[in-house]
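See structure below.
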Amino acid sequence: MSTTITPPPPPPAPPKKLNRIGLEVLPYRGAKTTLCAGCGHNSISERIVEVFYELGIEPWKVAKMSGIGCSSKTPAYFLSQSHGFNSVHGRAPSVATGALLANKNLISVLVTGDGDTASIGIGQFMHMLRRNVPLVYVIENNGVYGLTKGQFSATADRGSKQKSGVINEMPPIDCCLMGIELGATLVARSFSGDKKQLSTILKTCLSHKGLSLVDVISPCVTFNDHVGSTKSYAYVKDHEVALQDLNYVPYYEEISVEIEEGETKDVTLHDGSHLRLKKLSRDYDPTNKMQAVQALHDAEGKGEVLTGILYMEQGRETLIDMLGVVDDALGTLPASKVKPGPEALEAVMEELR
Amino acid sequence: MSTTITPPPPPPAPPKKLNRIGLEVLPYRGAKTTLCAGCGHNSISERIVEVFYELGIEPWKVAKMSGIGCSSKTPAYFLSQSHGFNSVHGRAPSVATGALLANKNLISVLVTGDGDTASIGIGQFMHMLRRNVPLVYVIENNGVYGLTKGQFSATADRGSKQKSGVINEMPPIDCCLMGIELGATLVARSFSGDKKQLSTILKTCLSHKGLSLVDVISPCVTFNDHVGSTKSYAYVKDHEVALQDLNYVPYYEEISVEIEEGETKDVTLHDGSHLRLKKLSRDYDPTNKMQAVQALHDAEGKGEVLTGILYMEQGRETLIDMLGVVDDALGTLPASKVKPGPEALEAVMEELR
Amino acid sequence: MSTLEVSPASSEAGHQHYRVVNDFSIQVGTVNGSGSQTANNVLMRSIFQMGIPVSGKNLFPSNIAGLPTWFTIRANKNGWIARKKEIDFLVAMNPETAREDVLKLEAGAAVVYDEPLKLNELRQDLHFYPVPFDKLVVPVCPEVKLRKLVRNMIYDGVVGHLLNIDFEEIHKALFKQFGPKKAKAADLNWGAVQAGRKFAEEQLKKTDPFSVERMNETAGKIIIDGNSAAALGCIFAGVTVVTWYPITPSSSLVETMIGYLRRLRTDKETGKATYAVVQAEDELAAIGMVVGASWAGARAMTSTSGPGISLMAEFVGLGYYADIPAVIFDVQRVGPSTGLPTRTMQGDVLKNALLSHGDTRHPVLFPSSPQECFEMAADAFDLAEGFQTPVFVNTDLDLGMNNWMSDPFAYPQREPKRGKVLDAAALDKVQEFARYRDVDGDGVAYRTLPGTPHPKAAYFTRGSGHNEKAQYTEREDDYIKNVDRLSRKFASMVAVVPKPEGEINPKAKIGIVYYGTSRYAVAESRDQLVREYGIETSHLRLKAYPFTPELLDFIARHDRVYVVEQNRDGQLLALMRLDYEPAVVAKLRSIRYYGGMPLDARTVTAEFAQQEGL
Amino acid sequence: MSTLEVSPASSEAGHQHYRVVNDFSIQVGTVNGSGSQTANNVLMRSIFQMGIPVSGKNLFPSNIAGLPTWFTIRANKNGWIARKKEIDFLVAMNPETAREDVLKLEAGAAVVYDEPLKLNELRQDLHFYPVPFDKLVVPVCPEVKLRKLVRNMIYDGVVGHLLNIDFEEIHKALFKQFGPKKAKAADLNWGAVQAGRKFAEEQLKKTDPFSVERMNETAGKIIIDGNSAAALGCIFAGVTVVTWYPITPSSSLVETMIGYLRRLRTDKETGKATYAVVQAEDELAAIGMVVGASWAGARAMTSTSGPGISLMAEFVGLGYYADIPAVIFDVQRVGPSTGLPTRTMQGDVLKNALLSHGDTRHPVLFPSSPQECFEMAADAFDLAEGFQTPVFVNTDLDLGMNNWMSDPFAYPQREPKRGKVLDAAALDKVQEFARYRDVDGDGVAYRTLPGTPHPKAAYFTRGSGHNEKAQYTEREDDYIKNVDRLSRKFASMVAVVPKPEGEINPKAKIGIVYYGTSRYAVAESRDQLVREYGIETSHLRLKAYPFTPELLDFIARHDRVYVVEQNRDGQLLALMRLDYEPAVVAKLRSIRYYGGMPLDARTVTAEFAQQEGL
Ligand SMILES: Cc1ncc(C[n+]2csc(CCOP(=O)(O)OP(=O)(O)O)c2C)c(N)n1
Ligand SMILES: Cc1ncc(C[n+]2csc(CCOP(=O)(O)OP(=O)(O)O)c2C)c(N)n1
Ligand code: SF4
Ligand code: SF4
Ligand SMILES: [Mg+2]
Ligand SMILES: [Mg+2]
C-alpha cells in the first residue's frame, strides 16, 4: 500500500557563501568518505577542503597525488574538481615528480600514510626530499598499516603496543627528521585533532616554494587508538608540545595586527603571505637546522610529540628551478616548440657523415 | 724453432707465515681483481684480507655479501674460502638479513657502493639499520656509479664536478648520518688510502655486536679523481680530519701499553677485544649521538671529511636477539626440531572440528 | 535457472507449496565492520555441525568499516559447495544494498529484513520476513555501544528458526566461535540469538520451502580457511624463515602462522624459537630475505599477492639463474595493478610461470582446497630445495580467506627433502666441488651452505655469468651450457611435481581441465551437464606447472577439452599453448570467468553449452 | 666454413695466392680501457669512407679497464654486414687472449700481433705480421703516460697499409673522431698511424689475400649507433620528459640525448629548456616519473635494460589498467638477472608483452636499424598517447651500442599524434565527460589533463577498480566491462602499429620471420641458402607486437616458416603461439641463438639446414 503525500514547498535557499574567487565550498569537497568514522584522516581531509576554499585556490590548478592505504584514499574525499591520482604503494613521490615535470604550474598535494612513506616508500621519499620537489607532502601518520588491518609501520614508536598486545621493538623512522636532514625546505608536524594549527600549517605550505612536509599524527581509531599505543588520540593529546602559536595572513589580505616584539616572529612567505610564529614555552628558531634536529632528538627521548613548524628554509632552488625549463607546462607545449626543424636534423646528419 | 732449457732447481721455499689458527694468507685472498689499477676499492679489499688473516677468523664462518657495482664485485677478490653472494643492485641488505636469519652464526661482511646503497638501495639500507642486523656494512664510497661510467650517485657532494664538467646540485645523502639516526650501533668513516685507520676500524667492527657501518671514501680513479671532485684522492687527503688515533687490541692478546689518562679512552668490545681511542685535535665522545650528528653537520659545512669512529652504542639488541631464536643455525636444524609431531597436528585439527 | 530437484516455485509466494531440504543458498548483506562476521560464521558452522555439506564466502569490500559486505552460505546435500549464483534466502541488514539485493532475487526466494526497510513493498513473488532488529536488541543488550554488533546475532536466531536449524548446534557453534576466554560476550550474543528465535517463533509464519535436516556428511571434518591451512603446511614442512609484507588477501597466511609457530615451534628444551618471522619493509625486501635465507640453507618462504609479485620479479630472476630455492605463496586477487583487492582471481598463473626479464621459467602449484594448501606447502619446499629454484604456490582469495569444510589433515609422513647439499663430510669424499656442474644429468647441481667448515665448501654466487665452478664468465659457451642446464632442470621437475587428479569417462568425448578453486564449480557443472543435457564429461584437475604426461594423455583421449579458469586471458591455456604441439592445442577450448566472485557452476555450464551449441 | 667467393685458401700460408677484395672480417683483441676504441672506430670509418659497406661491433667485458675486449669489423661488397663468425684478419694486442684468438682462426687468416707474443710459433697456416709496438711508440709519443693509448693507433697504420686503405681516409676519419677541439691529440695519434704505416711498408711483406678497393656504396650515409638514433628520434618526436637510471647498454641513449637536447631544444626566445631530464634513484622511480608526467600530458620516456624492466613491472601494470601512456626503451642485454650486461640478446620480448601481474598485454616495437630507432621513437609516442598505454621499444645492445652505417634520417613530416585529449574548449562541447567510456568503440576513451581550466575536467585516476566515470567500484560488471575495453583497445592497435617488411618469393615454400638485429644475419643467410643449397625463401621482418594481418598472410602462403630470434626460449614464437590458431602454429619452426654475440648468418644457415635435413 502506498500513500501519496504532497511535499511542502522548499524553504528559500539561504544565500550561498562564496570564497574570493567566487566558488562555493562544494567543488572543494570530494566524494563521501569510506573511512572509519572517527578516523584522523577524515579530519585532515576536512582541513584540506577548508584551506583550499579559504585561500580561494582554483581547483583545476591542483593535482592530488597519493600512494595506497586508507590515507592514500583520501584524495577522493576532497577537491572533487581537481585531478587526482591514487597510484601504487609507496611510489607516489615519483609519480608526483613526473606530474610536476610535465606541468610545473600545478599545485600538487600529496597525501600518504606512514606505511606508504616510511616503510615501502622510504626510498622514493628520501630522493624526493633531496630534489626539493615543489609540492605539499602530507603524511597521515597513525603508526600502523590501517588498510591491511593494523600491522606496525616504520613510524611506530619503540614500546608502542599493538591491539593484539605485541610490542614494537624497532626504532621509529622520524619522517620530519628525514625531511630536515635530506632537503625538505619546510618541515612541520601536526595533529589531526588540532584544527587551527593544521590549517595554518597547510596554508603556510601552500605559500611556500619548495618541498613542504607535514607529518600529521592521525589516529587510526580501529587499529591503533588503544591504551599502550603512542599514536592514539589520548596519547597525542597528553604528549603534544606545540612549538609555536601560528598565524597565517594571506598575501591578498592586509596585515592588521601589530606584532609584539620579541614574542612573535613574522615571516614573509614566497607568495607574499605572512606567517606569524608566536613563541610558546621555549625559544625555537625554525631556520636553524641543527636546533631542529636537536629538538626532535630531545622530544623523542622525552616521549613528546613536538608540533608546529620545525624547520623552514626559503629561497632554495627546487628541482624545477634546477632544470631551467620554460614557463609553460612542458606537457602541452605546441609542436613548434618541441620539434626542431629540418635544418637541425640535417646539421646533425652532416656531422655523422 | 724451439730450444729446451733445463731449469735450475727451485730455491727452497721460505717458511710460510701462518696466523693464529694456522692458516697462510692465501685462503684469505681472492681471485685477481678486475678493477682499474689504482681504484680505491682494491685497497679496501687488501685491508679485508689483512684483517681477517690477522684476526685469524675461520674463512668458512664468513659470508661475503654485495649488490651490484665495481665495489660490489670486490667480494670475489678477497676470502676465496668464504661463501660469497653478489646479489642484485641495491638489495644486498635484504639478502644478507636473510642469510643471517638462516644462520645467525655467520660472520657477515657486506660490501657495497654509494650508488648501490644511497641511490637504488637507500630503502633497504635504512630498514636494515633499524633492525640492527649484526653485520659489517662497508660502503666503498666514490660519489659516482663506477661500473656504469661515472654518473653522480646520491653521495656526491653539492658542487662536486663530473669529468664532463657537470656540477652536482643535489644535496648528498650522508650514510653515516643515516646510520647514526636510524640505529646502526657502530658508525665509522674512513679513507681507502688510510691503511692503519681502516684496518683498525674493520677489526673493531668484527669485535662489535650489531650493525657496524663503515663509509670508506674510495676514489674512482677512472671517473672521479679529477680536480673539482670532492671524492678524489687529493681532495680527501687535503680535507680529511681524523677524529681519533685508533688502536685495536684483540681479545686473545694481552694489553701491554698503559693508557694515558684523559687523552686515550679504552673501550671493551663485545668479544673482549679493546679499542683505544686517542684524542686528536678535538674532544669527541663517540657514544654521544647528538654530538655525532652535530659533528657531521659541522664537517659538511666546512667541507671536511671527518674520519674515525663517529658513533658507537654497545649492548643494544640485534634483530637476531629480538627474534629469540635457538643457538644453532635455523637452516640446518634437524627435522626433529622443526617438524612438530602427529599429536600436535591432531590437537590443532581437533580445535577446528 | 534453478537446479532444485523439486517442482518449480509457485509464482504467488506466500504459501509453503513444497519443501527444499538441504539445498539452498543464504546471503547476508550487512555493513563492513559491523561484526556480522561472527554471526555468519556461527550460522555456517551450525549447519556444518548438522552434518550438511556447506560453504561460506565472504564478499567484502576493500575497506575497514562502513561499506556494504555480503556473506553467502551454501548448503547442499550432494556436496556442491561452489558459490551458487542464485540466492534462495536473503538476510537484508544493509539499507544501502537491500533494494538491489532484493530486486536481483529469483521468484520464490525468502527475505529476512530489517523491518523499517519495508522491502516487502518491492515485490510480490518473494517470502518476506520483517524483523524489528532495533527493537529486539534493546532488552538483550543494555550497553548501547555494543548493540551494533549484537544486533546481527539476532538474525541467527530468526534464520535458525525459519530453516529449522538445531539450536543446540547454534549454541555450540557460537561458544566455539567466541572461545572460552570470551564467555561473557558469548552469553550476550546467545541472548540475541534467543531473542531472534523467540520473535520468529511468535511472529513469523514460515512460507518459504527451505529447511535443513540432519545428515552425516561432515563427521570428523574440520572448518578452516586456505591461508591457515597453508600456514600449518609450512610449519609441518619445517619452514624456518618467513618474511612478509602485509597485503590482502595474503596477510592472514603469515599472521595465522605466527600464532601457530609460537605454539608449535618453540623449542621445548630452551624455550627459544626454531623459526624467524620478519615483517619486511616491502616485497622486494621480503623476497630478498627469502633468497638470502634459502641460500644459507633455510626453508624460507614469503606470501604475497599481485602487486607484490610484480615487485619480486627481479629477485625471482636471480633465484632462477643462480639456482636458489624460494617458496612464494601468491594468494591471488583481481589485478592488474591494485585491481580489486578483495575479489578473487587466478590472474597470476602465466605471469608467475614467466616472472622476470630474460629467459626464465618457474614451477607453479595449484592447490584447490585447504588440504592441498597444507600438503603443497611441503611439496613446494621439496621442489624448491630439490631443484634449487623459486617455486610459486598459486592459491587465491576464495581459497585463502574463506572458511571451508575439509577432512582433517593427515600427518605428513614424508621427511623434508632438502635436496643436493654437500656438508663437510660429503665434501671430504668428492674430488672436486663445482657448484654448477650437472653431475647427475638432471640439471640440478650440488650446493654447499655458507658456514660449512671445509676448505672446499666455498663458492661464489652471482646473478651475472658463471661457469660450472661458479666463476665469473662472459663466454658464449659457458652461458649456453648453463642456461641449457636450467632448461634441463625445468624438464626434470615434470617427474616430481604433484600429478593431476581426475577421471577419464570412457563414454565422454569431451574433457574438462581446471585447477585451483574452479574445482567446485566444475564438479557441479559436470553434474548439471549430465542432468540437463545428458552430456558426460571427463575431467582433470591440474595441480602443477610444468605439466605432467597425464595432461597430454587426457587431451589425447578426447575430442575437445575445455580449460576452465578464472582470468580474462586464459592464462593456463596460454601455458598449454606454449608447451604443446599445435595438434594438441587444436583440441583446447577456453571457459573463462573474470568477474572476481568465486566461480559458480551455472557460469561454467552456460559457457560450455554455448560453445557446444547446446 | 668460409663464404669467400674465391678459391679456397692454400694450406701453406705465406704467399699471396689470390686476392679477396672488400670481403673480410677484422678482429682487434685489446685490453679494455686501453683506448683502442678510437683506433677501431677510425679503422672502420676509413673503410666506410672508401665507399665499402662495413659494420663494427664492440665485444667488450662488463668491466671498466683491464679485461679483454674485442672489436670486429666486417667489410663486405655485397652489403652483408652481420657479424661474421670467422675472423679473416686478426690484430692481437692482448697477451691474455692472443693465443686462444689465434688458435680459433681458420687457415689462411692474417695476424698482426705484438712481436713479443711470438704468436707465429703457434701455427703454420696463417699469415703472421709481427709488429714491435712498444718500440714504435717511443719516438711518436714522448710522454710515457700516454703511450698505452697511442700505441693502439699504430695498428691502424699497419692494417691500413696491409689492407690497402687510403691513408687520406684514415687521416680524415681520425681527425673527425677527435674533433676540432682535440686537434693536438689527433696530431699525436696521426703520428702513430704513420709510424705503423712506415714500419709496415718497410718491414712487412704482404702475404695474405685481403684488401680493400674503393666502391661507391656509402655515399651520403652516416655512421651512428642505435642509442643515439633513438635519442634523436625522441627529440624530433617532441619528447618533453626523460627519466633514467644508468644501466648498460641503455645509459648512452639518455646520455646522448642530453647532449642533443641542450643543442636542439633550448628555447630560442628564452634560452630555457623545452624538456626535463631527471636521473632517478632507480628504475621504479624512473618509470613512476614517466607515468606521472604522461598522466599530466608530457611525452615522457625512460630507457633501461633487463633488470630495470623487472623493477618497472608494477608501474607498467598500473599504466595498462589506468590507461596511462608511457614509452620504455629496452636496450636488451643477456639475462636472466644481471646476466651478461655487455652481451646482446632479444630476451625480453615475451616478458615485456606480458609485464606485470594480472591480465595485461603491452605493445612492443622492434627496430632493426638506427633509422628505425629514430622513426620508431615517434611511433612509440604516437602509440602510447594514441592508446593511452605503456609501449616498449625493444632494441638491443648490438643495435644500441655499436656503430652502424645508415642512410641519413628523413625529417619526420608527420606531426605528433597526441591522442584523445579534451581541453577546456572541447569540454565545453561535450555533454558529459566520462574518463573511461568507450565513446568511439576502439577501446580508447577520452582523457583530460590536470591543469585544464574547466569544472568538468577533473577525474580520479586509480589502479583499483573504476567504472566509466572513473569512480571507485568493486562491481563485477564494471570490472568486466573495463577490462574488456582494454582487450578491445589492444586489438585496435593492430591497425596502427608499424607493418612488417619483407618479400614473398613465389618460388619459395619456406618463409623466414625475424625482427630487430637478426635482420642482417637473415639477409645473408638467405643468400647462403640460395647459393649453397639452391633454396629460395620468403622473408618477413616484424616491426611490432601485436601482430598485423600481414604475418598471418605470410604464414598462410608458405609450407613452413622459420622464426629466427636471439633468445633461448623462442619468445616471439611464444607470442605467436599465444595469438594464433594451432593450424597456423603448426607451420612454425624455431631458429634460436642465445650466446650473446651479434647473430651471424652461418648460425642461421646451419640451423636451417639441419632442421630441413639438408
Ligand atoms: C606493493 C603493495 N604491497 C602491499 C600492499 C597492501 N597495502 C595496502 S595499504 C598498505 C599499508 C598502508 O599503510 P599506511 O600507508 O600507513 O596507510 P593507512 O592505511 O595507515 O592510512 C599495504 C601494505 C599494496 N597495496 N601494494
Ligand atoms: C636494477 C639495476 N639497475 C641498474 C644497474 C646498472 N648498474 C650496475 S652498477 C651500477 C652503479 C654502481 O654504483 P656504485 O654502487 O656506486 O658502485 P661503484 O661502481 O661506484 O663501485 C648501476 C647503476 C643494475 N645492475 N641493476
Ligand atoms: S582502519 Fe584506521 S586508518 Fe583506516 S580508515 Fe579506519 S581508522 Fe582510518
Ligand atoms: S671505474 Fe672507478 S670504481 Fe670502477 S674499478 Fe675503475 S676506478 Fe674503481
Ligand atoms: Mg598508517
Ligand atoms: Mg660508487
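Protein chains in written order, with this note's numbering: chain X, 10 to 362; chain A, 10 to 362; chain H, 28 to 641; chain V, 28 to 641. Just so you know, even glycine gets a beta-carbon here, dropped at the ideal spot from N, CA and C.
For ligand 4, the residues with a Cβ under 5 Å from any of its heavy atoms are, in chain order, A:44, A:45, A:48, A:79, A:155, A:229, A:230, A:231, V:91.
Rounded to whole angstroms, the gap between the alpha carbons of residue 110 (chain X) and residue 411 (chain H) is 45 Å.
For residue 226 (chain A) against residue 150 (chain A), the beta-carbon gap comes to about 5 Å, under 8 Å, which counts as contact. Contact between residue 586 (chain V) and residue 539 (chain V) does not hold, since the beta-carbon distance rounds to 13 Å and is not under 8 Å.
Rounded to the nearest whole angstrom, the CA to CA distance from residue 62 (chain A) to residue 376 (chain V) is 48 Å. In the three-state reduction of the DSSP assignment, residue 54 (chain H) falls in the strand class, which pools E and B.
Contacts with chain A (Cβ-Cβ distance below 9 Å) from the segment 377 to 394 of chain H involve no residue at all. Sequence-distant Cβ neighbours of residue 310 (chain V) in its own chain, meaning closer than 7 Å and more than five residues away, are 272, 331, 335, 338, 339. In the structure shown, the three-state DSSP call for residue 479 (chain V) is coil. Relative to residue 242 (chain V), the option among V:48, V:98, V:429 whose CA is nearest is V:48.
By the neighbour-count criterion, in which 16 or more other beta carbons inside 10 Å mark a residue as buried, residue 173 (chain X) falls on the exposed side. For ligand 1, no non-hydrogen atom lies closer than 7 Å to the CB of residue 105 (chain H). In this structure, ligand 3 has no non-hydrogen atom nearer than 7 Å to the beta-carbon of residue 235 (chain X). If you look at residue 631 (chain H), you'll find it isn't in any beta strand (DSSP E); it sits in the alpha helix (DSSP H) that goes 628 to 639. Taking the Cβ of residue 344 (chain H) as the reference point, every heavy atom of ligand 2 lies at 7 Å or farther away.
Neighbourhood of residue 132 (chain A) in chain X, by CB distance below 7 Å: 131, 132, in chain order. Residue 307 (chain A) and residue 143 (chain A) have their alpha carbons spaced roughly 29 Å apart. When DSSP reads this structure, residue 571 (chain V) sits in a beta bridge with V:392.
With a cutoff of 8 Å on beta-carbon distance, residue 163 (chain X) and residue 308 (chain H) are scored as near each other. Unbroken beta strand (DSSP E) stretches of 3 residues or longer found wholly inside the segment 211 to 274 of chain V: 249 to 252, 268 to 271, given in chain order. In chain X, no part has a C-beta under 8 Å from the C-beta of residue 459 (chain V); the shortest such distance is about 15 Å. The three-state secondary structure of residue 354 (chain V), taken from DSSP, is strand.
A contact between stretches requires three or more CB pairs, one per stretch, nearer than 8 Å, and the segment 230 to 247 of chain V fails this requirement with the segment 377 to 385 of chain V. Distances between the C-beta of residue 177 (chain A) and the heavy atoms of ligand 5 are all 7 Å or more.
For residue 57 (chain A), same chain residues with a beta-carbon under 6 Å away, outside a window of 5 residues either side, are 87 in chain order. Between residue 451 (chain H) and residue 481 (chain H), the C-beta gap is smaller than 8 Å, which places the two residues in contact.
Proximity of the beta carbon of residue 245 (chain A) to ligand 6 is not indicated: no heavy atom of the ligand is located closer than 7 Å.
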